[in-house]
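S.K.: In the numbering used here, the protein residues as written are 4 to 114.
This is the structure I want to talk about, given as structure tokens.
See the structure below:
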């Protein structure tokens, strides 16, 4: 009787251990996260003479080695007729939802 209990216990443990070996699914999950890269062309800060036009030097955005510059949102403005410090903000969001923001300072100074 004792041998039968040991035998059934071993068999039960064997089958229970197989239940824990089910293959896990990772469908819909990813470990790779992509971020957009955003670089300003030209200098920051920039100096513009009072009354002279502000010419945007540009910016370049990439994600996964592809150009996504057309997805950059630009906010802010420069009034070159009023001395001061102006901030231009550039923002791009990756396909994974991560946002990269950079700023350019523009100083409008008397000549």
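For glycine and all other residues, C-beta sits at the position ideal for the given N, C-alpha and C.
Just the Cα atoms here: how many angstroms apart are residue 73 and residue 53?
M.R.: For this step, residue 73 is matched to residue 70 along the chain shown. For this step, residue 53 is matched to residue 50 along the chain shown. Near 30 Å, if we compare the C-alpha coordinates of residue 53 and residue 73.
S.K.: Pick out whichever of 37, 55 and 80 has its Cα sitting closest to the Cα of residue 98.
M.R.: Stepping through the chain shown from its first residue, residue 98 is reached at position 95. Per the Cα distances, 37.
S.K.: Go ahead and label residue 91 buried or exposed: buried means 16 or more other beta carbons lie within 10 angstroms of its beta carbon, across all protein chains shown.
M.R.: The sequence position of residue 91 within the chain shown is 88, counting from 1. Flag for residue 91 reads buried.
S.K.: Hey, how far is the Cα of residue 78 from the Cα of residue 67?
M.R.: For the purposes of this step, residue 78 is identified with residue 75 of the chain shown, where counting begins at 1. For the purposes of this step, residue 67 is identified with residue 64 of the chain shown, where counting begins at 1. Those two C-alpha atoms are separated by around 25 Å.
S.K.: Should residue 44 go down as buried or exposed, given a rule of 16 or more other Cβ atoms within 10 Å for buried?
M.R.: Residue numbering aside, residue 44 sits at position 41 when the chain shown is read from its first letter. Classification for residue 44: exposed.
S.K.: If you follow the beta strand (DSSP E) that residue 87 is in, where does it begin and where does it stop?
M.R.: Counted from its first residue, the chain shown places residue 87 at position 84. Residue 87 -> beta strand (DSSP E) spans 87 to 96.
S.K.: Quick one: is residue 13 buried, meaning 16 or more other Cβ sit within 10 Å of its Cβ, or exposed?
M.R.: Translated into the one-based positions of the chain shown, residue 13 becomes position 10. It is exposed - the Cβ of residue 13 has fewer than 16 other Cβ atoms within 10 Å.
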